[in-house]
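>
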Amino acid sequence: MRERAPQRPAASAPRRAPTTPSRRGGTNAGKGSRQTRSSAQRPRGSRSYNTPAVWTKEAPRSNPAGGAARRALGAVGGVLLSLLALVGKGLATLLRALAALVARSRIALAVVVVCAALLVFGVADFAVNANKAYPGVRVGQIDAAGKTADELAALIDEVYGARLAQGSVTIYANDEAEARIADETAAAQDAALAEQLALEEARANKLAWTADAASLEARVPSDELAAEALAVGREDGGILARLAALATGRELKPRAAYAETAVESLASDIDAAIGDPRVDYGIVVEDGTASVTEGHDGFMVDRDELRRTLDELLLGQEDGSGSFVARAEHAPLRIDESAAQDACDAVNAAIADGARFTYEGAAWSASASDIGSWVSTRIDGSSLAAFVDAAKAKPALLAHVAEVGKGDPVHVSFEVADDDVIVRTDGEGAIPLVAEATGLLDAALFGDDGKARTGVGAGAPVEVAIGSGPAPEAMPFDEAMDLGVIGAIASYTTEYATGPGTEARNHNIALVSQYLSDSVAKPGDSWSFNGTAGDCSTEERGFKGAGAIVDGEYDDAIGGGICQVATTVFNAVYDAGFPVLTRHNHSLYIASYPTGRDAAVSWPDLDFVWQNDSASDVLVRLSCVDGSVTATLYGVDPGYKVSTTTGDWGEGRKYETRTTIDDTLAPNTSYVKTRGTDGRTITIIRTVKDESGEVLHEDPFSSVYDPVTEVVVEGPKVAGDGKNDAATEGSSSNVTSN
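Residue numbers (my numbering): 1374 to 2111.
(1) Can you name, in chain order, every residue of its own chain whose Cβ lies under 8 Å from the Cβ of Ala1620, other than the five neighbours on each side?
(2) Can you have a look at Pro1425 and say buried or exposed, based on whether 16 or more other CB atoms are within 10 angstroms of its CB?
(3) Just the C-alpha distance for Ala1894 and Asn1985, rounded to the nearest angstrom, thanks.
(4) What number of angstroms, rounded off, separates the C-alpha of Leu1616 from the C-alpha of Val1493?
(5) I'd like the ranges of any beta strand (DSSP E) spanning at least 3 consecutive residues and lying wholly in the segment 1923-1992.
(6) Short of 8 Å in beta carbon distance, which residues of its chain neighbour Val1636, apart from the five on each side in sequence? Order them along the chain.
(7) What distance in whole Å lies between the Cβ atoms of Tyr1865 and Ala2004, which are believed to be in contact at a cut-off of 8 Å?
(8) Take the Cβ of Thr1466 as the centre, count every other Cβ of all protein chains shown within 10 Å, and call the residue buried at 16 or more, exposed below.
(9) Taking three-plus beta-carbon pairs below 8 Å as touching, is the segment 2041-2059 in contact with the segment 2068-2076?
(10) Once the 5 residues before and after Gly1830 are set aside, which same chain residues still bring their CB inside 7 Å of it?
(11) Arg1729 by DSSP, collapsed to three states: which one?
(12) Using only the alpha-carbon positions, how far apart do Gly1534 and Val1783 sit?
(13) Within the same chain, show all residues whose beta-carbon is closer than 6 Å to that of Glu1702, passing over the 5 residues directly before and after it, in chain order.
(14) Quick one: residues in its chain with C-beta nearer than 6 Å to the C-beta of Ala1598, no 5 flanking neighbours on either side, listed in chain order?
(15) When you compare only the Cα positions, how much space is there between Val2091 and Thr2042?
(16) To the nearest angstrom, how far is the alpha carbon of Asp1660 from that of Ala1741?
(17) Find the nearest neighbour of Ile1804 within the set Ala1725, Gly1668 and Ala1775, judged by alpha-carbon distance.
(18) Taking the continuous beta strand (DSSP E) assigned at Ser1835, which residues delimit it?
(19) Measuring CB atoms only, is the segment 1748-1768 touching the segment 1808-1822, in the sense that at least three cross pairs come out at less than 8 Å?
(20) Alpha carbon to alpha carbon, what distance is there between Glu2024 and Leu1566?
(21) Rounding to the nearest angstrom, what Cα-Cα distance links Tyr1654 and Gln1714 in this structure?
(22) Rounded to a whole number of angstroms, what is the C-alpha to C-alpha distance between Ser1364 and Asp1971?
(23) Using the Cα positions of Glu1608 and Ala1600, report the straight-line distance between them to the nearest angstrom.
(24) Considering only C-alpha positions, which residue in the set Glu2087, Val2068, Pro1627 and Asp2051 is nearest to Asp2079?
(25) Around the Cβ of Ala1763, are there at least 16 other Cβ atoms within 10 angstroms (buried) or fewer (exposed)?
(26) Quick check on Asn1959: buried or exposed, where buried means 16 or more other Cβ atoms within 10 Å of its Cβ?
(27) Among the residues of its own chain, which have a CB less than 7 Å from the CB of Val1998, if the five just before and after it don't count?
(28) When DSSP builds the beta bridges, which residues end up paired with Ser1996?
(29) Would you report the Cα separation of Asp1718 and Ala1527, rounded to the nearest angstrom?
(30) If Leu1995 sits next to Ser1890, beta carbons under 8 Å apart, how far is it from one beta carbon to the other, in whole angstroms?
(31) In or out: Asp1585 buried (at least 16 other Cβ within 10 Å) or exposed?
(32) Which parts of the segment 1776-1818 are runs of the beta strand (DSSP E), unbroken and 3 residues or longer, counting only runs that do not cross its ends?
(33) From the DSSP output, which residues share a beta bridge with Arg1511?
(34) Take Val1946 and list the residues in its own chain whose beta-carbon comes closer than 8 Å to its own, dropping the five residues that flank it on each side.
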């Protein structure tokens, strides 16, 4: 077969002029042109058309995952840079305008100079006075300038803390009292009789009171004072206060922080002697019905003024001592009859229908009388607000839960380490949440939406469900009290005279209370005063010589006064219903104690012993404030009910009089060292019942009190003076006690 010759085109395209290769392309440009022509002649279906013109080892790139975030940040950065540029341009423009203004105006120049100086001063001032008191500020005699809060607090403690610790202030009832106490004979008589008077008599005849850091539970609030000093010129008054301090000085008065109860106790004692204590109108709830109690204005010591005067003497004097005469001022009523009547009406409306409690399927009702015994009041401005007192309600609720509860009560024990008391349980069963229930009851009766304010639910008892929770195995004392795991089984307070002549006795009372406090009586064990306190008749243990009963007379003995504490604990145990194994009455009758309910102790012969017959530990805690000591028994209340039958007084022997001579007294003077009283006898019977009313035991306590020999101390006799102050045997003293 013959091949066909290729056919020529009919007309050929005009041939282009040859192109001179460019310098940049060189000869390769021609090659590239030939390659292009050659490629154009290749068939389209050839595989070489699908291959890349340039081949690399790297895969094709894709957008990174954070690309969008980077772009956003870049945009924000761009905006910020633009803003900074604008600010810079603005500042430059402002500076140019300011320069132009300064060039044209001397006033502007002066303003700029002043502002620049203030700026420099401000920076320098901040560097020098940052976190420091400004110049001119003082705390009393301490220059606070340039000192930090910590440095200033340390100085305040060093100067004023030491003064407070060593200081003592004497407060006189009147100007005559100051003169009388300065008289040695009168002072000797007052001191001798001070420990022998019944409390009421001692208060009425009291001439002076002594106050110190211990009796007032006082401290210097150094951190607060330092903070107040640094606040001058800052939060306190700003720049004007700072300039004033720099120009004329600013002094902060040093002050002490006193325990409110201690100040009130001191002020009340003074009121009883020189004033007429105010009595606000109030309410009392008896047999489920509240009624208003009478009130009246009074004349009393101003409590704030008392604190200020104490500050001036305890902190303002180098030795922290001084004296002043107390003044009673008119004290108007805080709560009038109308306010008390409003509270009375609210209480009656709240408690009239009683309450109904439920606990784990069991229920019981509390009458208006029951709830009324739990109600207390507090002063709120000019109003008298009623509330459910948790301290009264929780023990009552716990007692009811114990009656209706299906499980065994939680048993507790106490662990005492230094000042910490840990309460432990057996870790089994549940505890009733009586604290929460008390809050619910208070809200339902006296809350904003309670029955007393809104009348909602009138005619029906308030419903309160008592929840339960697992008994913690261990908890702090305060937490156990709040949960209702433990409570105060019984508490008793006795009071005593204070002031000149009683310091040593009151020191012994406080010291032995410390030895006894937070002691524990285990279930079935006995608690001994002597065994717990130890020997209180030695100076080595810190006890002092003070009034005690020795051989039928009041005399000084180491540890005098500790019987007051024994009597206080005895009465708490008496009211709790625990068995008393050993108790001795004083040989001499003391009117300050409940009839037939005193307890005498003396190492090692006379002791006071009682037994814990409950299933849990009992903690004995004592506390002392100025003029009183309180003993409280804490634990799981066994629910004993105690009643007392008091017999009649029987006559005893008459007292005798003994006279002694003291050559140091002024001639022909005398005073009564020991007041004489006749002997007497009495018996009281305590009956203790359980919760069901069954008599557990009846305990007779018989007391035989010897007569008190009256002791008269005389100075030397001067012939012809005609004075004879000797007392007559069998009679009462004619000397008036003050």
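Don't be surprised by glycine CBs; every beta carbon is placed ideally from N, CA and C. Please read these numbers as outputs of a predicted model, since none were measured by experiment.
Looking at the coordinates:
(1) Excluding residues within five positions, the ones whose Cβ falls inside 8 Å are Gly1509.
(2) In this prediction, Pro1425 scores a pLDDT of 49, lower than 50, which makes its location untrustworthy; the coordinate-derived value is nonetheless stated afterwards. Exposed, by the Cβ-count rule.
(3) In a straight line, the C-alpha of Ala1894 is about 6 Å away from that of Asn1985.
(4) Leu1616 and Val1493: Cα-Cα distance of roughly 18 Å.
(5) Entirely contained in the segment 1923-1992, the beta strand (DSSP E) runs reaching 3 residues are, in chain order, 1926-1931, 1953-1955 and 1982-1984.
(6) Counting only Cβ-Cβ distances below 8 Å, and skipping sequence neighbours, we find Leu1589, Arg1676, Leu1679 and Arg1680.
(7) Right, their Cβ atoms sit about 6 Å apart.
(8) Exposed, because fewer than 16 other Cβ atoms sit within 10 Å of the Cβ of Thr1466.
(9) As far as the Cβ criterion goes, the segment 2041-2059 touches the segment 2068-2076, which means the pair count is three or higher.
(10) Residues Lys1824 of the same chain have their beta carbon placed closer than 7 Å to that of Gly1830, with the five preceding and five following residues left out of the count.
(11) Arg1729: strand per DSSP, three-state reduction.
(12) Rounded to whole angstroms, the separation of the alpha carbons of Val1783 and Gly1534 is 46 Å.
(13) Closer than 6 Å at the Cβ level, and outside the excluded window around Glu1702, lie Asp1675.
(14) Checking the displayed sequence, the identity of residue 1598 turns out to be Leu instead of Ala. Within the same chain, Leu1598 has close Cβ partners Val1512 and Ile1529.
(15) Approximately 10 Å, taken between the alpha carbons.
(16) If I take the Cα positions, the gap works out to 8 Å.
(17) Closest by alpha carbon: Ala1775.
(18) Strictly speaking, residue 1835 in this sequence is Val, with Ser absent from that position. In the DSSP assignment, Val1835 falls within the beta strand (DSSP E) that extends over Val1835 to Ala1838.
(19) Look at the beta carbons and you see the segment 1748-1768 touching the segment 1808-1822: at least three pairs across the two are nearer than 8 Å.
(20) Reliability fails at Leu1566, whose pLDDT of 48 lies under 50, so the model's placement of it is uncertain and the value that follows must be treated cautiously. Roughly 24 Å separates the two Cα atoms.
(21) Between Tyr1654 and Gln1714, the alpha-carbon positions lie close to 9 Å from each other.
(22) A question about residue 1364 goes unanswered here, because the residues of the chain that appear run from 1374 up to 2111.
(23) Using only the alpha carbons, I get a separation of about 11 Å.
(24) Measuring from the Cα of Asp2079, the nearest candidate turns out to be Asp2051.
(25) Classification for Ala1763: buried.
(26) The sequence shown places His at residue 1959, not Asn. When all chains shown are included, His1959 counts as buried.
(27) Excluding sequence neighbours, Val1998 sits near Thr1634, Ala1635 and Ser1638.
(28) In the DSSP assignment, the residues bridged to Ser1996 are Thr2003.
(29) The alpha-carbon of Asp1718 is positioned some 54 Å away from that of Ala1527.
(30) Confirmed, about 4 Å.
(31) It counts as buried.
(32) You should have 1785-1790, 1793-1798 and 1803-1805.
(33) According to DSSP, Arg1511 bridges with Asp1516 and Glu1624.
(34) Taken in chain order, the residues that qualify are Ala1863, Val1953, Trp1983 and Leu2006.
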